[in-house]
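K.L.:
Protein chains in written order, with the working numbering: chain A, 1493 to 1996; chain B, 1493 to 1996; chain C, 1493 to 1996.
Idealized CB from N, CA, C, for every residue including glycine.
Owing to the predicted nature of the structure, the values given are computational and were not obtained by experimental measurement.
Sharing a structure here in structure tokens format.
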Amino acid sequence: MKNITLYLVVGLLGLQVSVGVAAEAPISEQTEDCLACHAILHPGIVEDWKKSRHAQITVKQAMAVEGLARKVSSTSIPEKYQDIAIGCAECHTMRPDAHEGTVDHLGHRMHIVVSPDDCRTCHDEEAEQFEKNLMSHAYGNLANNSLYNALEHSILGRSLHKDGKLLKAPASDLTKEEACYYCHGTKLEVTGYEVRETELAGELSFPRIKGWPNQGVGRINLDGSRGSCSACHTRHAFSIEMARKPYTCKECHHGPDVPAFKVYEASKHGNIFSAKHKSWDFTAVPWTIGKDFTAPVCATCHISLVVDPEGEVVAKRTHRMNDRLPWRLFGLIYSHPHPINPDTTIIRNKDGIPLPTDFAGGFAEEYLIDAEEMTARKNTMQRVCRSCHGTAWVDGHWTRFDENIKLTNNETLAATGIMQEIWELGLADSTNPFDEFIEGRWTDSWLIYANTIRFSSAMGGGGDYTVFADGRYQFSKQLRELEDWLALHKQIRHLSKEKKEKDD
Amino acid sequence: MKNITLYLVVGLLGLQVSVGVAAEAPISEQTEDCLACHAILHPGIVEDWKKSRHAQITVKQAMAVEGLARKVSSTSIPEKYQDIAIGCAECHTMRPDAHEGTVDHLGHRMHIVVSPDDCRTCHDEEAEQFEKNLMSHAYGNLANNSLYNALEHSILGRSLHKDGKLLKAPASDLTKEEACYYCHGTKLEVTGYEVRETELAGELSFPRIKGWPNQGVGRINLDGSRGSCSACHTRHAFSIEMARKPYTCKECHHGPDVPAFKVYEASKHGNIFSAKHKSWDFTAVPWTIGKDFTAPVCATCHISLVVDPEGEVVAKRTHRMNDRLPWRLFGLIYSHPHPINPDTTIIRNKDGIPLPTDFAGGFAEEYLIDAEEMTARKNTMQRVCRSCHGTAWVDGHWTRFDENIKLTNNETLAATGIMQEIWELGLADSTNPFDEFIEGRWTDSWLIYANTIRFSSAMGGGGDYTVFADGRYQFSKQLRELEDWLALHKQIRHLSKEKKEKDD
Amino acid sequence: MKNITLYLVVGLLGLQVSVGVAAEAPISEQTEDCLACHAILHPGIVEDWKKSRHAQITVKQAMAVEGLARKVSSTSIPEKYQDIAIGCAECHTMRPDAHEGTVDHLGHRMHIVVSPDDCRTCHDEEAEQFEKNLMSHAYGNLANNSLYNALEHSILGRSLHKDGKLLKAPASDLTKEEACYYCHGTKLEVTGYEVRETELAGELSFPRIKGWPNQGVGRINLDGSRGSCSACHTRHAFSIEMARKPYTCKECHHGPDVPAFKVYEASKHGNIFSAKHKSWDFTAVPWTIGKDFTAPVCATCHISLVVDPEGEVVAKRTHRMNDRLPWRLFGLIYSHPHPINPDTTIIRNKDGIPLPTDFAGGFAEEYLIDAEEMTARKNTMQRVCRSCHGTAWVDGHWTRFDENIKLTNNETLAATGIMQEIWELGLADSTNPFDEFIEGRWTDSWLIYANTIRFSSAMGGGGDYTVFADGRYQFSKQLRELEDWLALHKQIRHLSKEKKEKDD
């Protein structure tokens, strides 16, 4: 039988492969089995893993690290993992019953999609925090909000032109998966099983998984858990260096709707990063200001455990990324204090709509953090700022930023005012407030321009992105386009009406 | 005589210069002559060359390399090059009679523009492949296609405003050279000769070359050959490292019409590259997955000879860049199977227009690769994918991508439908389908937005560029602008007509 | 008393801190005092300083450097600085009476904002040159030009929507500071003093400074001087490496109005930089072509002292950045020869408007450099070009570039022609020529598109940015939008008028 022959060859090769593995920690027999084939099949990811901390040290060694440098937050990790490297089998055969789609794979009960609830075995605290992170709810917060669905439909829907009119059919699942849900995360579902003839081991059974592949931060996993650690800790190196570098954040915060990376790159901080980061240490835990780096990246201000050169904690590590953020910049439709609950589908504004503000900019206060909590978060962030900046500098920056929130909300109010008049005059239909030409122009004003201006103010203290790069210049032009369109259509209506009156 | 004195001084300096050259391979007497002056005149390029492989080893040494690591593909290289470095004179005095514009240059018959037919002397296979590459035909494919000329004229033509109307005079050659033909390549022509007083060697004769400087991939050279190797292998280092880094591709594939680099940079692959490439080896031949790099760059998937850690070939080197590509993403007007012949001017769609699809999206099938060839190319590419990804992952990706092609073509069909109605109503004139305001909006829809969505799907599996960064968000808005403009102009025509009827 | 206790503790800590400082040059007692607290409070900037040349060598050592490598241009530097490192106190307590807002700070007369007139103590020549740089006048050139104020107001003004109309209230100072004046520089003013309870030293008095923080190139300082050296020489490393890397220029020259960085990054030069700069030396003075780098960055062509491998000066260092520039690309409204005087508020065009050209493109010649000076500057720049390129290449490049200036000015003329017709017909009001919808479209044409095309031609020899990335494609579309809007509004006016005539 061809398969058996192949299998034997693989066994021999496997021996060679395992000898070739440079990892310093002992590899479990199960992982040896995996590597026998997969080191040949997928050399890219195996090599990444071999260079990873997971392959380099045992769990016992990881747990022996004292104090802030310890990376394993769980206190009770099963005995069987203590003296081995964390390899393929450790993660992909963990909790087999918890995962839908687990298959028998050459004697191992293997699941394809590793979830935060698997990672939690060693990284409990981080998993705990991430559950409270808005990001872990990114799937549901989009999929289960009727208003956002309307926006999504207006963007992704399939177009059909008929007699000068555009009709929109619902978007296909495949489109959704590579569009909004690429970042928000897909909802994974096992839709069946199939037997595939494999290159090295003959016929094997695999689950068919709808929504796969995906590494979105809010992915709904086959064990029901939320999120994907590999969104930032890219498989299979799971490198802290890579998660800390701003390129990781860029994957989803690029623009123009959330231009965090672009704004950062053009800021003074980004300039220092670009010029100097090759001499920085992105792997040190804790992360020492001045010693390991001399300007913040995204992770420094938002996530990482940072200390001063004396080892004093400046900011604690958090995987609930808004711990240091009073304002949610991303305008829906206005900037507002951060939601209390990461599940934003429960929010209702005063008009009963699932939005954190009403159309006039009023906050849905009972769902949002209060002034005291805002101050606490601002203080946490400012401690980081003050590691390089004097009080006058920091206060000056935040005074402008607070004003910026108010003013961009004011500009959005003006845009919404014109839009309201357009709706009231019946020149557009607000049933879906996003699916007509002029509604798109209004959407730009808050989704692109107001957001950009706020990100630029927050992260760069202003500059190019505030003014010319999708900033105030574009916002002011957009307001005038709304005004121009309204004036034109009023004029035409006037002409039509007068004519009609005359005719009657 | 001042010139003679100078020349003597140069001779002496030359001696010093040649001594200072750190290259390990012997330099020919002819190249020593070149360096005598040019090391002083153009230190930048001479230093680049000195660090290059061309300067470091002799042809004999290069040919002695066995197996996949060999970089010189020609089997019979003239004896005279065997024991020397490849320096200035070797390329710039090669085949003097083949090049128009060859001049006597202090005793050497020198030509300024080195062509692929010169490079072919040592790199035969690459030159052969490149001739079959669409890119080598980039000049003619644009310059000799009447429809593309109409688009070019609408963009580059010289504007004159008269009575509220814009008139367009033909673009100047100088404009064309630094616009479309910067990337596509210019057609070089010797228009005469001039004598220039030179700094170091007195009066010398030089050709006047129209279209110079240029390094476009489809440049028509003075020996009649097509292309410029230095488009990617930048002179005078001709470095494989540089050609492999994505910044080289970016020069022409930047955006927004072909946003390959931007999409890559924001993808997971691009993220890994940005975070980790400083530890990768960009010079190794063959290029080993996992060992030399852990995520693909442009060259990995499209060009390079890549092997697995056992040395097995995963993909063969190719300089016909669509060898691994079933679909041509770049929409003209729709995405379509790749053309069979790199000369696309021969294509005629069913309406007799030189386009690979008709205006309703139908393929000009006889000029395009068939389903079998598409499958073969897809399989070649997928072998690269599978070096890091499981079958389910790879299949999932390609299923979405194939759907994406269909759906973006469908959106373009809707846009074209509205445009057709506009033309039929006489609200725009289709004689040149690109030169009116509303035609420009239609052009955006396929040239900018559909292309971006497809690149993002292909290279990133979706994400930001699919949705907000010149993606579906912008495409859907553009469709509505077409619809809005049509509705408005119908309304105005209606008002005008009714009034006119009344008047009569 | 708590404060005294703290102070004593700080004293002890201070001792430890100063011991820990790795700088090789002796630190003054005054700076020791500063470090006692600030090394703990602001470790980020202190660590940057410790790695800087300011901390590494004494002034005497710096002055002992002979020839081109010398970085200290002043010839008489006060004795008291000779044998110490230049630390906190040296700059922040220098010339206390010259600065408004100097406070007594634990026994030191300290000022917060260090100015070019402080830096001038050691870097006289650079300060002198920078005074003649347009950039040092960036505040006044914007703030004191009534026409630019109108543009600024149209962008930054606060919007209010009333009855379908937009009203614009003046922008707040806080908005201005983080918008235009982030780059142009703010005008600093002491508005009072406040006593703050500090963490380590109890109650201390600080000035309240309007316009702070800011590091804009044209900042008006509290000693009346203009500019901020830290705009490019980022505090507190003041690193020549960082100032030379193009990321620094990017902070203000990013786009889309002045897309210098983006154009550079996508050019052949930018490609070489991206691929190779990790092996370049950005700290060498003088900067040797071929040895220290093999392709130019912004600083190479515009600022730095560059020499050939023989040590011959190719270009002298200048901090008046237009020394090598004949044309001012940045279109106001047309490209024009550089202004003679860095104070551009004195310019009047033939219509008495403070613009270097009139609306028809004519130059305000008496305020602009003449043909001879233009040629001299061009020659200075071309010497840099010729370090890597032959004469034919350089001439070909500049011929296209000169044509580009003419042609983009011609396109702007066409756009302005349509705009003039719109104003003449009363379809827009030219009182503020920037604050209506259609005026915004006209503004785009020169402020975004013509500028981009020119930058692309100058720095990249053309390519993507010339055509598709805010280039000719967008420019030509914008022209047609102006034409389309005018035609539409003429048609509507015609309908209204005819009806009205009929009614009468």
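Does DSSP put residue 1940(A) in a helix, in a strand, or in coil?
P.N.:
The three-state secondary structure of residue 1940(A), taken from DSSP, is helix.
K.L.:
What residues in the stretch 1907–1919 of chain C have a beta carbon less than 7 Å from any beta carbon of chain B?
P.N.:
1909, 1910 and 1913
K.L.:
What beta strand (DSSP E) runs, 3 residues minimum, are completely inside the stretch 1853–1883 of chain B?
P.N.:
none
K.L.:
Whose C-beta lies closer than 7 Å to the C-beta of residue 1513(B) among residues of the same chain, with five residues either side of it excluded?
P.N.:
Its pLDDT being 41, under 50, residue 1513(B) is placed unreliably in this model, and the value from its coordinates should be taken loosely. Same-chain partners within the cutoff: 1519, 1527 and 1542.
K.L.:
At 3 residues or longer, and completely inside the stretch 1894–1977 of chain A: list those beta strand (DSSP E) runs for me, N to C.
P.N.:
Listed in chain order, the beta strand (DSSP E) runs fully inside the stretch 1894–1977 of chain A amount to none, counting runs of at least 3 residues.
K.L.:
Quick one: Cα of residue 1564(B) to Cα of residue 1571(B), how far?
P.N.:
15 Å
K.L.:
Counting only beta-carbon atoms, is residue 1746(C) nearer than 8 Å to chain A?
P.N.:
So, interface residue.
K.L.:
Residue 1696(A) bridges to which residues according to DSSP?
P.N.:
1688(A)
K.L.:
One question on the structure: do residue 1651(C) and residue 1643(C) come within less than 8 Å of each other, judged by their Cβ atoms?
P.N.:
no
K.L.:
For a contact defined as C-beta to C-beta under 8 Å, what are the partners of residue 1669(C) on chain E?
P.N.:
Protein chains A, B and C are contained in the structure displayed, whereas chain E is not.
K.L.:
Taking the C-alpha atoms as reference points, what is the distance between residue 1618(C) and residue 1810(C)?
P.N.:
Taking the Cα positions, residue 1618(C) is about 7 Å away from residue 1810(C).
K.L.:
Closer than 7 Å by beta-carbon distance: list the chain C residues that pair up with residue 1538(B), in chain order.
P.N.:
1782
K.L.:
Using three-state DSSP, classify residue 1701(B) as helix, strand or coil.
P.N.:
strand
K.L.:
For the structure I just gave you, are there three or more beta carbon pairs, one from the stretch 1963–1983 of chain C and one from the stretch 1938–1945 of chain C, closer than 8 Å?
P.N.:
Because the criterion of three Cβ pairs below 8 Å is met, the stretch 1963–1983 of chain C and the stretch 1938–1945 of chain C touch.
K.L.:
Runs of 3 residues minimum, wholly inside the stretch 1518–1597 of chain A: which ones carry the beta strand (DSSP E) assignment?
P.N.:
Scanning the stretch 1518–1597 of chain A for uninterrupted beta strand (DSSP E) segments of 3 residues or longer gives 1595–1597, listed from N- to C-terminal end.
K.L.:
Which residue's Cα is closest to the Cα of residue 1905(C): 1654(B), 1792(B), 1856(B) and 1803(B)?
P.N.:
The candidate whose alpha carbon is nearest that of residue 1905(C) is 1654(B).
K.L.:
Quick one: list the residues of chain B neighbouring residue 1895(C), beta-carbon separation under 8 Å, in chain order.
P.N.:
Here the neighbours are 1664, 1666 and 1667.
K.L.:
For residue 1607(A), which of 1598(A), 1584(A) and 1599(A) has the nearest alpha-carbon?
P.N.:
1584(A)
K.L.:
Is it the case that the Cβ atoms of residue 1935(C) and residue 1945(C) are separated by a distance below 8 Å?
P.N.:
Their beta carbons are not under 8 Å apart, which means residue 1935(C) does not touch residue 1945(C) by this criterion.
K.L.:
Please list, in chain order, the chain B residues whose beta carbon lies closer than 9 Å to that of residue 1640(C).
P.N.:
What residue 1640(C) touches in chain B: nothing, since even the nearest Cβ is about 25 Å away.
K.L.:
Would you say residue 1778(B) faces chain A, with C-beta separation under 8 Å as the test?
P.N.:
no
K.L.:
In whole angstroms, give me the CA-to-CA distance for residue 1982(C) and residue 1975(C).
P.N.:
11 Å
K.L.:
Using the beta-carbon of each residue, which ones in chain A are nearer than 7 Å to residue 1758(B)?
P.N.:
1742, 1743 and 1746
K.L.:
Quick check on this structure: which residue in 1860(A), 1819(A) and 1925(A) has the alpha carbon closest to the alpha carbon of residue 1901(A)?
P.N.:
1819(A)
K.L.:
Quick one: complete alpha helix (DSSP H) runs, 4+ long, within the stretch 1708–1768 of chain A?
P.N.:
1732–1736, 1738–1742, 1752–1757 and 1760–1768
K.L.:
Can you tell me whether residue 1803(C) is buried or exposed, with buried defined as 16 or more other CB within 10 angstroms of its CB?
P.N.:
exposed
K.L.:
Below 8 Å on C-beta distance, what does residue 1972(B) contact in chain A?
P.N.:
1658, 1927, 1928, 1929 and 1932
K.L.:
Could you tell me whether the stretch 1832–1841 of chain B touches the stretch 1915–1935 of chain B, where touching means 3 or more Cβ pairs closer than 8 Å?
P.N.:
no
K.L.:
From which residue to which residue does the alpha helix (DSSP H) around residue 1638(B) run?
P.N.:
1638–1648
K.L.:
Using only the alpha-carbon positions, how far apart do residue 2014(C) and residue 1782(A) sit?
P.N.:
The question about residue 2014(C) has no answer, for chain C in this structure spans 1493 to 1996.
K.L.:
Within 8 Å (strictly less), CB to CB, does residue 1773(C) reach chain A?
P.N.:
no
K.L.:
Check the Cβ of residue 1827(A) against every Cβ in chain C and list those closer than 7 Å, keeping chain order.
P.N.:
Within 7 Å Cβ-Cβ: nothing; residue 1827(A) doesn't reach chain C, min ~15 Å.
K.L.:
To which residues of the same chain is residue 1886(C) closer than 8 Å at the C-beta, ignoring the five residues directly before and after it?
P.N.:
Setting aside the 5 residues that flank it on each side, residue 1886(C) is surrounded in the same chain by 1874, 1877 and 1878, each with a C-beta closer than 8 Å to its C-beta; the list follows chain order.
K.L.:
Answer with buried or exposed for residue 1862(C), where buried requires no fewer than 16 other C-beta atoms within 10 angstroms of its C-beta.
P.N.:
Exposed: under 16 other Cβ atoms inside 10 Å.
K.L.:
Could you tell me the alpha carbon to alpha carbon distance between residue 1521(B) and residue 1574(B), rounded to whole angstroms?
P.N.:
14 Å
K.L.:
Closer than 8 Å is the cut-off here; do at least three beta carbon pairs connect the stretch 1682–1695 of chain C with the stretch 1851–1865 of chain A?
P.N.:
Here the stretch 1682–1695 of chain C makes no contact with the stretch 1851–1865 of chain A; the two share fewer than three CB pairs at distances below 8 Å.
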